[in-house]
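Novice: Okay, handing you the structure first.
Protein chains: 2
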Amino acid sequence: MRRNISESTVRRLSFYLRILEKVEAVGIDTLSSEKLAQRTGTTAAQVRKDLSLFGSFGKRGLGYAIPQLASELREILGLDRTWRVALVGGGRIGSALFEYSGFRKRGFEIVAVLDADSSKVGQRWGKVVLSDIADLEKVLTAESVDIVILTIPAESVPDVLDRVVAVGVRGILNYAPVQLRVPGDVTVKDVNMVLELEALSFALSQTKGE
Amino acid sequence: MRRNISESTVRRLSFYLRILEKVEAVGIDTLSSEKLAQRTGTTAAQVRKDLSLFGSFGKRGLGYAIPQLASELREILGLDRTWRVALVGGGRIGSALFEYSGFRKRGFEIVAVLDADSSKVGQRWGKVVLSDIADLEKVLTAESVDIVILTIPAESVPDVLDRVVAVGVRGILNYAPVQLRVPGDVTVKDVNMVLELEALSFALSQTKGE
DNA sequence: TCCATTTTGTGAACTAATTCACAAGGGTCT
DNA sequence: AGACCCTTGTGAATTAGTTCACAAAATGGA
Ligand SMILES: NC(=O)c1ccc[n+]([C@@H]2O[C@H](COP(=O)([O-])OP(=O)(O)OC[C@H]3O[C@@H](n4cnc5c(N)ncnc54)[C@H](O)[C@@H]3O)[C@@H](O)[C@H]2O)c1
Ligand SMILES: NC(=O)c1ccc[n+]([C@@H]2O[C@H](COP(=O)([O-])OP(=O)(O)OC[C@H]3O[C@@H](n4cnc5c(N)ncnc54)[C@H](O)[C@@H]3O)[C@@H](O)[C@H]2O)c1
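As you go down the protein sequences, you meet chains A and B in turn.
Quick note on numbering: the first sequence equals residues -1 to 208 in the working numbering.
Quick note on numbering: the second sequence equals residues -1 to 208 in the working numbering.
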């Protein structure tokens, strides 16, 4: 049933879920594709098409039952479980991410932090004690890590990446501005803030000349 | 010449530029679409198609002259100038961004930081003194701000956003997990880290069941 | 029960993006 | 100069993604 799901569909599913959870808290129990579309900045047809890729979750004439659809979406997105996450790089961006509660709320639990700086190794951050990057393999295995977040300088990435992949981690979120090369069964997502600014720069430059 | 440039084309142009600058430093002075494609994870045809949307920058049989193409790309992307950026929200993620040198290197200069916390207002961060969010309009105007980065809690966003737009800023980079509603001449880019993790979660859940 | 109304689910039509494939241009070697 | 590579630039073909449009439920009121 689930072949060829596009990146944009997945992104929209996350949006739908976020809105459903927001609306559920208000006490509404049903929502039409039209309403969901308005709230997420897309069209009703798109909402229905996206959902229909995974099944039939609505009632004709009525719309979608919010708790049921939310639960379906959580299952589709794999959010009906906790993901064990390791943070590699406890610098500025790494520590901001560590303290952010939004990840845990969605089921992403940071169970290990690794760094190369010996003055950081051994520090206690909440429940986590910072590990030495030399112990990467040991820590990722011991903590059954599913996902690694890379917040280290670009030049350190290739080496660390190879080790992370070698130990069997198949999901990576990368903050360094480098193109990652990984085997086909490993998924990488990039967060590239400079790229977003450059896209803004492009958009602003375009309209200016009109 | 420049109508209907897709989001993905713009993203790739940024990648091309990054690689060109990296390769230029090594002393190579020409690069084929094939090589550029390999380094950026796309195809040679895609590289040529992307570039051809803006002009003819290559030499047949030889490839692209690196400094010239880099310069063309900088102009296309609007990176042949400095952009004046204001940071709204000097919290965890905001301060990490402020200290990050990667923005300035690309011509994005943070000329103002605004916060609502009176214990932060008046603090000096490098060359910048933190302003009170109450003075938003005054500061954005006085500093000729082109782009605003929002690193404030989601619930504060709508109000601040309206004020930012009203004062004439037309580029916004948003870190809060909310859908922004803006007039058509304003461009918004979102950095949504939870969304990326959810996309990873989806990808990992898919392959697991095979 | 029947009719009016609402909204889903989904093929078909359309639009956008990518890949193919090749003629034309440019360089080099003899 | 001519033969031989190499690589661009770009229409055409293909593939992917979105929007349209409507029959098929489901509900509620007369
Ligand atoms: N700070 C930002 O706002 C920002 C924005 C965009 C991108 N980034 C990217 O994020 C990454 C981290 O940036 P930052 O500002 O947090 O840098 P930082 O210097 O504050 O932190 C990097 C951390 O990584 C550690 N480290 C270095 N090499 C390591 C290795 N081999 N193994 C383990 N740990 C290692 C360092 O000890 C340090 O603690 C960089 O690639 C940067 O380009 C940062
Ligand atoms: N920290 C992260 O890693 C992270 C990750 C993803 C998304 N985000 C998002 O980024 C935003 C900021 O997160 P954070 O972790 O830096 O939070 P934070 O609480 O550390 O910082 C928020 C800052 O905004 C200021 N602020 C609050 N209301 C304001 C207003 N109306 N005007 C001006 N300033 C105001 C606060 O005083 C504070 O300094 C949030 O929307 C969060 O969801 C953060």
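Each residue gets a CB set at the ideal place from its N, CA and C atoms; glycine is no exception.
The structure presented is a predicted model; accordingly, all values stated were derived computationally and were not measured.
When you measure from the CB of A:Ile131 to every non-hydrogen atom of ligand 1, does any distance come out below 8 Å?
Specialist: Yes; taking the cut-off as 8 Å, the Cβ of A:Ile131 has a heavy atom of ligand 1 nearer than that.
Novice: Three-state secondary structure (DSSP) at B:Met(-1)?
Specialist: Any reading at B:Met(-1) needs caution, since the residue's pLDDT is 43, under 50, leaving its predicted position unreliable; the model's value is listed next. Correct three-state label for B:Met(-1): coil.
Novice: Are there any heavy atoms of ligand 2 lying less than 8 Å away from the beta-carbon of B:Leu112, as far as the coordinates show?
Specialist: Yes, the beta carbon of B:Leu112 sits closer than 8 Å to at least one heavy atom of ligand 2.
Novice: Starting from the beta carbon of B:Leu202, find every residue of chain A whose beta carbon is closer than 9 Å, and list them in chain order.
Specialist: What B:Leu202 touches in chain A: Gly76, Trp81, Asp144, Ile145, Arg168, Gly169 and Thr185.
Novice: For a cutoff of 9 Å on Cβ pairs, would you count B:Ala110 as touching chain A?
Specialist: Cβ-Cβ to chain A under 9 Å: no for B:Ala110.
Novice: Name the DSSP beta bridge partners of B:Lys187, please?
Specialist: Answer by DSSP bridge pairing, in chain order: B:Leu171.
Novice: A:Val155 to A:Ile91, Cα distance in whole Å?
Specialist: Near 15 Å, if we compare the C-alpha coordinates of A:Ile91 and A:Val155.
Novice: When you compare each of B:Asp157, B:Leu49, B:Ala164 and B:Gly88 to B:Lys136 by their alpha carbons, which one comes out closest?
Specialist: Looking at the Cα atoms, B:Ala164 is the closest of the given residues.
Novice: Would you check if there are 3 or more beta carbon pairs closer than 8 Å linking the segment 20 to 33 of chain A to the segment 60 to 70 of chain A?
Specialist: Yes, since at least three Cβ pairs between the segment 20 to 33 of chain A and the segment 60 to 70 of chain A fall closer than 8 Å, the two stretches touch.
Novice: Hey, quick one: how far does the alpha helix (DSSP H) through B:Tyr98 stretch, first residue to last?
Specialist: Segment: none, B:Tyr98 is in no alpha helix (DSSP H) and carries neither H nor E.
Novice: In three-state DSSP terms, what is B:Thr28?
Specialist: Three-state DSSP puts B:Thr28 in a strand.
Novice: Using a Cβ distance threshold of 8 Å, determine whether the segment 140 to 150 of chain B contacts the segment 164 to 176 of chain B, with at least three qualifying pairs required.
Specialist: Short answer: they touch.
Novice: When you compare the CB of A:Pro156 with every CB in chain B, is at least one pair closer than 9 Å?
Specialist: With 9 Å as the cut-off, A:Pro156 does not count as an interface residue toward chain B.
Novice: How about A:Gln121: is its C-beta nearer than 9 Å to some C-beta of chain B?
Specialist: Cβ-Cβ to chain B under 9 Å: no for A:Gln121.
Novice: For a contact defined as C-beta to C-beta under 9 Å, what are the partners of B:Ser12 on chain A?
Specialist: By Cβ distance, chain A contributes Asn190, Val192, Leu193, Glu196, Ala197 and Phe200.
Novice: Consider the C-beta atom of A:Val158 and the heavy atoms of ligand 1; say whether any pair is separated by less than 8 Å.
Specialist: Flag set: Cβ of A:Val158 near ligand 1.
Novice: Decide if B:Val143 is buried, meaning its Cβ has at least 16 other Cβ atoms within 10 Å, or exposed.
Specialist: Classification of B:Val143: buried, given that the 10 Å Cβ count is 16 or more.
Novice: Rounding to the nearest angstrom, what Cα-Cα distance links B:Glu73 and A:Lys103 in this structure?
Specialist: In a straight line, the C-alpha of B:Glu73 is about 42 Å away from that of A:Lys103.
Novice: On a Cα-Cα basis, can you pick out the residue from B:Gly39, B:Asn2 and B:Ala110 that is closest to B:Leu128?
Specialist: Per the Cα distances, B:Ala110.
Novice: Can you list, in chain order, the stretches of the alpha helix (DSSP H) that have 4 or more residues and sit fully within the segment 40 to 75 of chain B?
Specialist: Here the runs fully enclosed are 42 to 50 and 64 to 75.
Novice: Just the C-alpha distance for A:Glu196 and A:Arg10, rounded to the nearest angstrom, thanks.
Specialist: Rounded to whole angstroms, A:Glu196 to A:Arg10 spans 23 Å at the Cα level.
Novice: Which of helix, strand or coil does DSSP assign to A:Leu112?
Specialist: Looking at A:Leu112 - three-state DSSP - the assignment turns out to be strand.
Novice: Between which two residues does the beta strand (DSSP E) carrying A:Val83 extend?
Specialist: It spans Trp81 to Val86 - the beta strand (DSSP E) in which A:Val83 sits, taken as one unbroken run.
Novice: Report whether the distance from the Cβ of A:Glu22 to the nearest heavy atom of ligand 2 is below 8 Å.
Specialist: Checking every heavy atom of ligand 2 against the Cβ of A:Glu22, none is found closer than 8 Å.
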